[in-house]
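In full-length UniProt numbering, the protein residues as written are 1 to 381. All C-beta atoms, glycine included, are put in the ideal place defined by N, C-alpha and C.
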Ligand SMILES: Cc1ncc(C[n+]2csc(CCOP(=O)(O)OP(=O)(O)O)c2C)c(N)n1
Ligand SMILES: [Mg+2]
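Structure (structure tokens):
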């Protein structure tokens, strides 16, 4: 990094709310401490295990893509604390609207990891029933999910319920019109929604500094929404900040915005090669800020990172990885006509025509059957 960039990085790090240092020291923070006061070593160990399991599932995702079992994988490496700390702040009846990179959030909500891969394998448009886990399908249209979350939060408000909507967005998404509209509506109606921005410093190949000449968190007060900037690699700080924001929303205090400052250690997706646009020295700066290493150090200090615990974590990661692999490989390709199902709630003639045309088209490529006619099941396999 050039001197100016090194200074900017140091200033940014110094500006973040943090509860655990990179060497595992528990740091005091008057605003955040009360929100994690009840966490004992066992609870912190659970957060660690979650992070270790999703790191392993993430590596498995990349491997499955490289082996041709899924079409694409967007790695979350480096963002484990942001995803686990925020998702673990929620109640079961809260509702999550997240993005393609948020496999760790889905894990924390109880989504089966292979259900994500049903989408990445091209077998379905939505891998799970959103109402079973209170989490919408992962959104690929940048920023769209923030509007869904605000709309859902308005519904909660209308019902007089005390659930909260939590939506995830990236640093790049913060420039999107949808996100700005979602913020305006959330503020106007004081909707119970929390905006959780994972600033991982990149929007594909564009560095965050290009679009954010000030911290992204600073934008929210302009909408009348309180915001906080936390160390996104510190799972305790993320958990505390999200609990604070969720409680505010739950008790009628309206929306909040959290900027979790983290770093995308891998490529944008398996279709990207970051060596083309980023200095590998950046990774050396971020590696010592690893979200797992600091919690391991904290737990060691508490005498809780025992050999048995290490083995338990390794077993949990192995089990999850083996399951996602076996289940993903077993996902069958659906029949082509299924593409036309679940698009509209009710059938209509335009859709029926397209479906018939598509099946006729596919039928040209099929071997004739005994009757001499190609089968028209759309190639179910
Ligand atoms: C509306 C829209 N525009 C453009 C894209 C292409 N696109 C995919 S990912 C991405 C960058 C998003 O960056 P960020 O919001 O920081 O999220 P990250 O990938 O870093 O998690 C873009 C522009 C898209 N998917 N949707
Ligand atoms: Mg980003």
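{"Query": "Who are the near neighbours of residue 296 in its chain, counting only those whose CB is closer than 6 Å to its CB and skipping five residues on each side?", "Result": "305"}
{"Query": "Give me the residue from 86, 61 and 119 with the minimum Cα distance to residue 74.", "Result": "61"}
{"Query": "Considering only C-alpha positions, which residue in the set 172, 41 and 224 is nearest to residue 200?", "Result": "172"}
{"Query": "Just verifying my parser: in three-state terms, what is the DSSP assignment at residue 227?", "Result": "strand"}
{"Query": "Any chance the CB of residue 264 is under 8 Å from a heavy atom of ligand 2?", "Result": "yes"}
{"Query": "When you compare only the Cα positions, how much space is there between residue 250 and residue 242?", "Result": "12 Å"}
{"Query": "Can you give me the Cβ contacts of residue 378 inside the same chain, cut-off strictly under 7 Å, excluding the 5 residues immediately before and after it?", "Result": "Annotation note: pLDDT 47 at residue 378 (below 50); position unreliable, coordinate value reported separately. If we look at residue 378 and ignore the five residues flanking it on each side, its Cβ neighbours are 335, 336, 337, 359 and 362."}
{"Query": "Would the beta-carbon of residue 178 be found less than 8 Å away from any heavy atom of ligand 2?", "Result": "no"}
{"Query": "Assuming residue 100 and residue 140 are in contact, meaning their beta carbons sit under 8 Å apart, how far apart are those beta carbons, in whole angstroms?", "Result": "5 Å"}
{"Query": "Taking residue 15 and residue 196 to be in contact with their CB atoms under 8 Å, please state how far apart those CB atoms are, rounded to whole angstroms.", "Result": "That pair is no contact at about 18 Å."}
{"Query": "Which full runs of the beta strand (DSSP E) of 3+ residues lie inside the stretch 59 to 113, going along the chain?", "Result": "95 to 97"}
{"Query": "Please confirm whether any heavy atom of ligand 1 lies closer than 8 Å to the CB of residue 173.", "Result": "yes"}
{"Query": "Buried or exposed for residue 462, going by 16 or more other Cβ atoms inside 10 Å?", "Result": "The structure shown does not extend to residue 462, since the chain is modelled only from 1 to 381, so the question has no answer here."}
{"Query": "Would you list the residues sitting across from residue 207 in a DSSP beta bridge?", "Result": "202"}
{"Query": "Does the pairing of the stretch 76 to 92 with the stretch 35 to 54 give three or more beta-carbon distances under 8 Å?", "Result": "yes"}
{"Query": "Take residue 386 and list the residues in its own chain whose beta-carbon comes closer than 8 Å to its own, dropping the five residues that flank it on each side.", "Result": "Because the chain in this structure spans residues 1 to 381, residue 386 falls outside the shown range and cannot be described."}
{"Query": "Going by Cα to Cα distance, which pick from 13, 120, 5 and 7 is closest to residue 270?", "Result": "120"}
{"Query": "Taking buried to mean at least 16 other C-beta atoms within 10 Å of its own C-beta, is residue 367 buried or exposed?", "Result": "exposed"}
{"Query": "Counting Cβ pairs closer than 8 Å, one from the stretch 176 to 189 and one from the stretch 201 to 215, do we hit at least three?", "Result": "no"}
{"Query": "Only counting the same chain, and skipping five residues up and downstream in sequence, which positions put a Cβ closer than 8 Å to that of residue 36?", "Result": "19, 236, 239, 240 and 243"}
{"Query": "How about residue 205 and residue 279: do their beta carbons lie closer than 9 Å?", "Result": "no"}
{"Query": "What ranges does the alpha helix (DSSP H) occupy inside the stretch 224 to 283, keeping only unbroken runs of at least 4 residues that lie completely in it?", "Result": "235 to 250"}
{"Query": "Between which two residues does the alpha helix (DSSP H) harbouring residue 170 extend?", "Result": "Counting along the chain, residue 170 falls outside any alpha helix (DSSP H), though it belongs to the beta strand (DSSP E) covering 165 to 170."}
{"Query": "Could you check if residue 140 belongs to the surroundings of ligand 2, using beta carbon to heavy atom distance under 8 Å?", "Result": "no"}
{"Query": "Measure the beta-carbon distance from residue 260 to residue 232 and round it to whole angstroms, keeping in mind my assumption that it falls under 8 Å.", "Result": "3 Å"}
{"Query": "Which residue wins for smallest C-alpha separation from residue 234, given the options 41, 84, 340 and 264?", "Result": "84"}
{"Query": "For residue 305, does the three-state DSSP call read helix, strand or coil?", "Result": "coil"}
{"Query": "Specify, as a first and last residue, the run of the alpha helix (DSSP H) that residue 142 falls within.", "Result": "No alpha helix (DSSP H) contains residue 142, which DSSP labels as neither H nor E."}
{"Query": "Please return the same chain residues whose Cβ sits closer than 8 Å to the Cβ of residue 148, not counting the five positions on each side in sequence.", "Result": "97, 136, 139 and 167"}
{"Query": "For residue 381, which residues from the same chain have a beta carbon less than 6 Å from its beta carbon, with the 5 sequence-adjacent residues on both sides left out?", "Result": "Because residue 381 sits at a pLDDT of 40, beneath the cut-off of 50, its placement in the model cannot be relied upon, and the following sentence gives the value as read from the coordinates. Closer than 6 Å at Cβ, skipping near neighbours: 333."}
{"Query": "Which residue marks the beginning of the alpha helix (DSSP H) containing residue 20, and which one marks its end?", "Result": "Per DSSP, residue 20 belongs to no alpha helix (DSSP H) and is neither H nor E."}
{"Query": "Using only CA atoms, which one of 71, 69 and 56 lies nearest to residue 80?", "Result": "56"}
{"Query": "Given a cut-off of 9 Å on the beta-carbon distance, is the pair residue 403 and residue 110 in contact?", "Result": "Within the shown structure, residues of the chain are numbered from 1 to 381, placing residue 403 beyond reach of any answer."}
{"Query": "For residue 346 and residue 9, I'd like the C-alpha separation in whole angstroms.", "Result": "53 Å"}
{"Query": "Could you check how far apart the C-beta atoms of residue 384 and residue 226 are, in whole angstroms? I think they sit under 8 Å.", "Result": "In the structure as shown, the chain begins at 1 and stops at 381. Residue 384 is therefore absent and cannot be evaluated."}
{"Query": "Thinking C-beta only, is residue 327 closer than 9 Å to residue 66?", "Result": "no"}
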